[in-house]
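Numbering (numbering that gives the first Met the number 0), first residue to last: 0 to 204. Cβ coordinates follow ideal geometry from the N, Cα and C atoms, glycine included. This one's a predicted model, so the numbers in the text were calculated from it and none came from an experiment.
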Amino acid sequence: MRLLTKRVGIFLFDGVEVMDFAGPYEVFTATNLMAPRQYFDVFTVNEQRRDVRTSNGLIVKADYDFSNCPPADVLVIPGGDVRPELISNGTVLKWIESQNQNTEITFSVCNGAMLLAKAGLLKGLSATTHHYFYDKLSEIDSTINVVQKIRYVDTGKIVTSAGISAGIDAALHIVLRIFGEEAVSHAIDIMEYESTAYKNNGSIK
Numbered sequence: 000m001r002l003l004t005k006r007v008g009i010f011l012f013d014g015v016e017v018m019d020f021a022g023p024y025e026v027f028t029a030t031n032l033m034a035p036r037q038y039f040d041v042f043t044v045n046e047q048r049r050d051v052r053t054s055n056g057l058i059v060k061a062d063y064d065f066s067n068c069p070p071a072d073v074l075v076i077p078g079g080d081v082r083p084e085l086i087s088n089g090t091v092l093k094w095i096e097s098q099n100q101n102t103e104i105t106f107s108v109c110n111g112a113m114l115l116a117k118a119g120l121l122k123g124l125s126a127t128t129h130h131y132f133y134d135k136l137s138e139i140d141s142t143i144n145v146v147q148k149i150r151y152v153d154t155g156k157i158v159t160s161a162g163i164s165a166g167i168d169a170a171l172h173i174v175l176r177i178f179g180e181e182a183v184s185h186a187i188d189i190m191e192y193e194s195t196a197y198k199n200n201g202s203i204k
């Protein structure tokens with residue numbers, strides 16, 4: 000199974016934080032660059048496959064919508080301006096829950112964890128998010144053990160990262176988990192990245 004190319008689906012929405020999706024996107028695609036094989040097939044998806052305006056105004060178009068996106072082995076739920084209308088969008092929450100049934104890993108970045116919590120995927124688990132949203136995550140689901148001051152939390156199927164840049168460390172950790180040291184070392188070399196949090200259980204040492 001480790002030899003199969005893994006499909007990575009990244010959810011986009013109006014108000015998404017650029018680094019939240021672009022950081023993991025870069026990690027997974029950099030793993031493929033000048034590599035002897037393709038580790039990841041990365042695609043983006045939103046509810047209706049229309050133009051998405053990010054939190055800082057960048058316009059991005061998703062590759063797929065909910066009706067035609069391929070199944071993802073790794074599902075990435077970024078954060079950003081997670082508005083009440085998004086967090087209460089039953090179509091989005093049901094889609095996340097449905098995708099999670101078939102993923103190897105479901106991965107949130109920053110306050111994207113609130114969408115996982117609202118979909119019921121963090122119940123009784125340890126998780127993290129941007130430090131501004133620790134209390135909000137607990138408000139959504141009081142059974143979550145909110146872990147503070149850590150880059151990411153890996154509970155097996157669910158990986159949650161802290162704010163914005165922490166998504167890079169968590170994505171590198173996922174590369175390491177799935178494909179091992181050679182693949183993640185290649186990605187780090189391509190990106191000229193120096194943090195070792197990806198292999199220190201989310202801690203910076």
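- In this structure, T53 lies near V15, with their beta-carbon atoms less than 8 Å apart.
- Between the alpha carbons of L11 and N45 lies a gap of roughly 5 Å.
- Where D168 is concerned, the enclosing alpha helix (DSSP H) starts and stops at 165 to 178.
- Shown here, A118 sits in coil according to DSSP, grouped into three states, outside any helix or strand.
- For A61 and E193, the gap between their C-alpha atoms comes out near 30 Å.
- Here the region 116 to 136 lies against the region 152 to 163, with 3 or more beta-carbon pairs under 8 Å apart.
- A direct Cα-Cα distance of roughly 13 Å separates T28 from I173.
- Non-local C-beta neighbours of I189 in its own chain, meaning closer than 6 Å and more than five positions away in sequence, comprise A29, L32, ordered along the chain.
- DSSP places G162 outside both helix and strand once states are collapsed to three, so it counts as coil.
- When DSSP states are grouped into helix, strand and coil, I58 belongs to the strand group.
- CA-to-CA, the gap between N101 and V26 works out to about 22 Å.
- Per DSSP, the unbroken beta strand (DSSP E) holding V51 starts and ends at 50 to 52.
- In summary, Q37 is exposed, with fewer than 16 beta-carbon neighbours lying within 10 Å of its beta-carbon over all protein chains present.
- With 16 or more other CB atoms across the displayed protein chains lying within 10 angstroms of its CB, I163 is buried.
- Residue state for S66 is assigned as coil, using DSSP reduced to three classes.
- L74 is not a Cβ neighbour of V17, given a cutoff of 8 Å.
- According to the DSSP assignment, N99 belongs to the alpha helix (DSSP H) that extends over 89 to 99.
- As the crow flies, the alpha-carbon of P70 is around 23 Å from that of A182.
- Rounded to whole angstroms, the Cβ separation of A118 and I143 is 13 Å, and the two are not in contact under 8 Å.
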